[in-house]
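Novice:
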Ligand SMILES: [Ca+2]
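In this note's numbering, the protein residues as written are 50 to 550.
1) Once DSSP output is grouped into helix, strand and coil, what is the label at residue 19?
2) If you draw a straight line from the alpha carbon of residue 547 to that of residue 171, how long is it in whole angstroms?
3) Looking at residue 391: is its Cβ nearer than 8 Å to the Cβ of residue 188?
4) Let me know if residue 234 comes out buried or exposed under the rule of 16 or more other beta-carbons within 10 Å of its beta-carbon.
5) Please classify residue 451: is it buried, with 16 or more other beta-carbons within 10 angstroms of its beta-carbon, or exposed?
6) Skipping 5 residues on each side, what residues in its chain have a beta carbon closer than 8 Å to that of residue 342?
7) What are the residues that DSSP puts in a beta bridge with residue 542?
8) Can you tell me whether DSSP reads residue 108 as helix, strand or coil?
9) Are there 16 or more other CB atoms within 10 angstroms of the CB of residue 353, so buried, or fewer, so exposed?
10) What ranges does the beta strand (DSSP E) occupy inside the region 307-373, keeping only unbroken runs of at least 3 residues that lie completely in it?
11) Would you mind working out which of 536, 482 and 421 sits nearest residue 134, comparing C-alpha positions?
12) Helix, strand or coil, according to DSSP, for residue 265 in the structure here?
13) Any heavy atom of ligand 1 closer than 7 Å to the beta-carbon of residue 137?
14) Specify, as a first and last residue, the run of the alpha helix (DSSP H) that residue 121 falls within.
15) Is residue 293 a contact residue of ligand 1, with contact defined as CB to any heavy atom under 7 Å?
16) Output the distance between the C-alpha atoms of residue 211 and residue 227, rounded to the nearest integer angstrom.
17) Around the Cβ of residue 356, are there at least 16 other Cβ atoms within 10 angstroms (buried) or fewer (exposed)?
18) Starting from the C-beta of residue 453, find all residues in its chain whose C-beta is less than 7 Å away, skip the five residues before and the five after it, and write them out in chain order.
19) At a cut-off of 7 Å, is residue 356 close to ligand 1 when judged by its beta-carbon and the heavy atoms of the ligand?
20) Quick one: what's got a C-beta closer than 6 Å to residue 293's C-beta in the same chain, skipping five residues either side?
21) State yes or no: is the C-beta of residue 308 nearer than 7 Å to some heavy atom of ligand 1?
22) Between the alpha carbons of residue 463 and residue 484, how many angstroms are there, rounded?
23) Check whether the Cβ of residue 99 lies closer than 7 Å to any heavy atom of ligand 1, and answer yes or no.
24) For my contact list, residue 154 and residue 178 are in at a C-beta cut-off of 8 Å; report their separation, rounded to the angstrom.
25) So is residue 255 buried or exposed if we call it buried at 16+ other beta carbons inside 10 Å?
26) Are there any heavy atoms of ligand 3 lying less than 7 Å away from the beta-carbon of residue 358, as far as the coordinates show?
27) Need the endpoints of the beta strand (DSSP E) that residue 287 sits in, please.
28) With burial defined as no fewer than 16 other Cβ atoms inside 10 Å of the residue's Cβ, what is the status of residue 542: buried or exposed?
29) In terms of DSSP beta bridges, what is residue 488 paired with?
30) So what does DSSP say about residue 224, is it helix, strand or coil?
31) Do you know whose CA, among 203, 272, 245 and 472, lies nearest residue 539's CA?
32) Decide if residue 437 is buried, meaning its Cβ has at least 16 other Cβ atoms within 10 Å, or exposed.
33) What residue does the beta strand (DSSP E) around residue 203 start on, and which one ends it?
34) Specify the secondary structure class of residue 240 as computed by DSSP and reduced to three states.
35) Anyone know if the C-beta pair for residue 30 and residue 475 falls short of 8 Å?
36) Taking the C-alpha atoms as reference points, what is the distance between residue 385 and residue 508?
This is the structure:
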């Protein structure tokens with residue numbers, strides 16, 4: 050080809066020059082396309098299981114030590130009003146994968162509970178979807194089409210073996226199964242689940258040593274993925290099992306917290322504190338690896354949780370405390386749904402700042418897609434809202450990218466909605482809406498409503514429903530309309546229920 054061009058050039062005619070220009074243009078365009086694929090931002094999405102809003106130092110934890118995550122927050126944007134789309138595992142994870150409301154997906158309870166609603170309570174919850182449908186387009190599938198290497202490590206909990214990460218756009222799956230938690234955090238990660246006869250295991254983690262700890266091991270696996278993908282853009286879905294039950298950690302780490310807890314401390318569980326510390330150390334290892342590979346500057350790191358902290362007892366001890374928020378996992382009070390969210394995009398103006406915009410885990414899908422289709426050099430226009438190349442319209446979420454440049458920006462959304470038509474030790478079936486500082490909960494057993502102003506009453510202690518009947522009617526109408534719009538499944542009265550005398 051060059052020879053041909055030279056000959057044509059030599060001939061001096063216009064057609065020949067045009068050919069040369071066209072050839073060069075094709076070459077340059079091709080190089081440009083290649084460069085943009087190579088320059089795509091890497092995405093590391095760390096989803097911690099059951100991490101409470103107040104469990105991290107940068108969110109006010111008093112006993113837990115999380116220097117690495119606190120540093121991540123100082124170098125990124127920390128969100129104060131981030132919500133999981135659901136108060137339990139699977140639905141929130143489905144919302145992250147698809148960008149859709151769990152209620153719209155008919156995935157409102159965790160996998161194991163989806164097919165066996167309780168029949169001894171005043172309401173019978175709906176049977177819900179156990180498997181994330183293959184027809185749903187996950188964020189991994191969209192990223193794969195953009196040339197990403199996609200890796201899932203750790204907790205999946207979105208369906209049976211025919212719906213594992215390998216069927217939902219992930220090149221790599223290490224440890225992801227239908228189970229929501231390991232039997233034990235210690236190698237070989239096998240044993241009976243809780244008090245049941247079910248034997249659980251974590252596949253894909255051979256050749257461990259006695260005493261090896263799952264959170265460390267999953268990071269080892271992630272580091273291997275980073276090392277092997279560093280030449281290509283990658284999406285690492287780092288779904289740590291920690292800090293879910295079983296509450297287990299190496300004795301030497303637990304020992305450091307035995308004296309730190311005390312009657313005046315918010316956090317009281319030294320083993321849980323140790324799990325949080327080990328999580329933090331592993332986040333440090335991942336970040337350090339990005340630095341050593343020289344790719345930290347073009348890697349966005351997102352850290353969040355799938356639901357609020359677990360406040361029930363485990364092995365005789367209360368697990369965590371979401372104070373100042375009310376309640377915990379399972380509940381639609383803030384403690385069940387408000388979660389940490391930190392996003393570090395190196396080189397952004399907003400780094401080190403705090404964002405108070407309410408966000409939803411459902412937004413992460415559009416956010417990641419937005420980041421993936423920008424390049425590490427492109428500066429987004431904060432006034433632009435969702436960038437037009439993001440097909441967020443097909444989902445229920447919004448890109449949070451404008452907030453990463455300007456945390457004072459306002460997302461084009463007035464309400465957040467939640468729907469949990471199930472029971473949990475912390476709740477009866479309930480829906481909720483947040484609009485501005487106002488939050489309304491509607492409980493289905495007796496259709497009572499509660500209204501709180503989160504600006505004055507973050508702990509949801511003062512029910513203002515009687516003082517604001519018009520606001521209650523307005524929020525209730527919006528909540529009902531949303532439930533109709535997304536075809537939310539509802540519980541039904543249980544004709545066989547007999548209250549205990
Ligand atoms: Ca969870």
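For glycine and all other residues, C-beta sits at the position ideal for the given N, C-alpha and C. These numbers were taken from a predicted model, which means no experiment stands behind them.
Specialist: Judging by the given coordinates:
1) The first residue shown for the chain is 50 and the last is 550, placing residue 19 beyond what the model contains.
2) Here the question's residue 547 lines up with position 498 in the chain shown. Here the question's residue 171 lines up with position 122 in the chain shown. Computed Cα separation, rounded: 8 Å.
3) Within the chain shown, numbered from 1, the residue matching residue 391 stands at position 342. Within the chain shown, numbered from 1, the residue matching residue 188 stands at position 139. Their beta carbons are not under 8 Å apart, which means residue 391 does not touch residue 188 by this criterion.
4) Counting from one through the chain shown, the residue named residue 234 turns up at place 185. Flag for residue 234 reads buried.
5) On the chain shown, position 402 is the one that residue 451 refers to. When all chains shown are included, residue 451 counts as buried.
6) To locate residue 342, count along the chain shown from 1; it is residue 293. For residue 342, where only same-chain residues beyond five positions count, the Cβ hits under 8 Å are 275, 276 and 279.
7) Translated into the one-based positions of the chain shown, residue 542 becomes position 493. Residue 542 pairs with 172.
8) Taking the chain shown and counting its residues from 1, the one referred to as residue 108 is at position 59. Residue state, collapsed to three classes: helix.
9) One-based indexing of the chain shown puts residue 353 at position 304. Classification of residue 353: buried, given that the 10 Å Cβ count is 16 or more.
10) 348-354
11) One-based indexing of the chain shown puts residue 134 at position 85. The candidate whose alpha carbon is nearest that of residue 134 is 482.
12) Locating residue 265 in the chain shown gives position 216, counting from the first residue. Looking at residue 265 - three-state DSSP - the assignment turns out to be helix.
13) If you number the chain shown from 1, residue 137 lands on position 88. Result yes, Cβ under 7 Å from ligand 1.
14) Against the chain shown, residue 121 aligns to sequence position 72. It spans 116-123 - the alpha helix (DSSP H) in which residue 121 sits, taken as one unbroken run.
15) Position 244 of the chain shown holds residue 293. Within the cutoff, so yes.
16) In the chain shown, counting from the first residue as 1, residue 211 sits at position 162. In the chain shown, counting from the first residue as 1, residue 227 sits at position 178. Going from the Cα of residue 211 to the Cα of residue 227 covers about 10 Å.
17) Position 307 of the chain shown, counted from the first residue, corresponds to residue 356. Looking at its Cβ environment, which holds 16 or more other Cβ atoms inside 10 Å, residue 356 is buried.
18) Counted from its first residue, the chain shown places residue 453 at position 404. Only 126, 392, 394, 397 and 399 meet the Cβ criterion.
19) Stepping through the chain shown from its first residue, residue 356 is reached at position 307. Within the cutoff, so yes.
20) Walking along the chain shown from the start, residue 293 turns up at place 244. If we look at residue 293 and ignore the five residues flanking it on each side, its Cβ neighbours are 98, 99 and 230.
21) Position 259 of the chain shown, counted from the first residue, corresponds to residue 308. No - ligand 1 has no heavy atom lying nearer than 7 Å to the Cβ of residue 308.
22) Taking the chain shown and counting its residues from 1, the one referred to as residue 463 is at position 414. Taking the chain shown and counting its residues from 1, the one referred to as residue 484 is at position 435. Those two C-alpha atoms are separated by around 6 Å.
23) Looking up residue 99 in the chain shown gives position 50. Yes, the beta carbon of residue 99 sits closer than 7 Å to at least one heavy atom of ligand 1.
24) Indexing the chain shown from 1 puts residue 154 at position 105. Indexing the chain shown from 1 puts residue 178 at position 129. About 6 Å separates the two Cβ atoms, so the contact holds.
25) Position 206 of the chain shown, counting from 1, holds the residue named residue 255. Residue 255 should be labelled exposed.
26) As for ligand 3, it is missing from this structure, which binds only ligand 1.
27) Translated into the one-based positions of the chain shown, residue 287 becomes position 238. Unbroken beta strand (DSSP E) run through residue 287: 283-288.
28) Here residue 542 corresponds to residue number 493 of the chain shown, with the count starting at 1. By the neighbour-count rule (16 or more Cβ atoms within 10 Å), residue 542 is not buried but exposed.
29) The residue labelled residue 488 in the question sits at position 439 within the chain shown. 483 and 501, per the DSSP bridge assignment.
30) By one-based count along the chain shown, residue 224 stands at place 175. It is coil, neither helix nor strand.
31) Locating residue 539 in the chain shown gives position 490, counting from the first residue. Nearest option by C-alpha distance: 472.
32) Within the chain shown, residue 437 is the residue found at index 388, counting from 1. A caution first: residue 437 carries a pLDDT of 37, below 50, which makes its placement in the model unreliable, though a value can still be read off. Answer is exposed; the Cβ neighbour count stays below 16.
33) Translated into the one-based positions of the chain shown, residue 203 becomes position 154. Here the beta strand (DSSP E) through residue 203 covers 198-203.
34) For the purposes of this step, residue 240 is identified with residue 191 of the chain shown, where counting begins at 1. Three-state result, residue 240: strand.
35) Nothing in the structure corresponds to residue 30, since the chain is present only between 50 and 550.
36) In the chain shown, the residue the question calls residue 385 occupies position 336. In the chain shown, the residue the question calls residue 508 occupies position 459. So the alpha carbons of these two residues sit roughly 12 Å apart.
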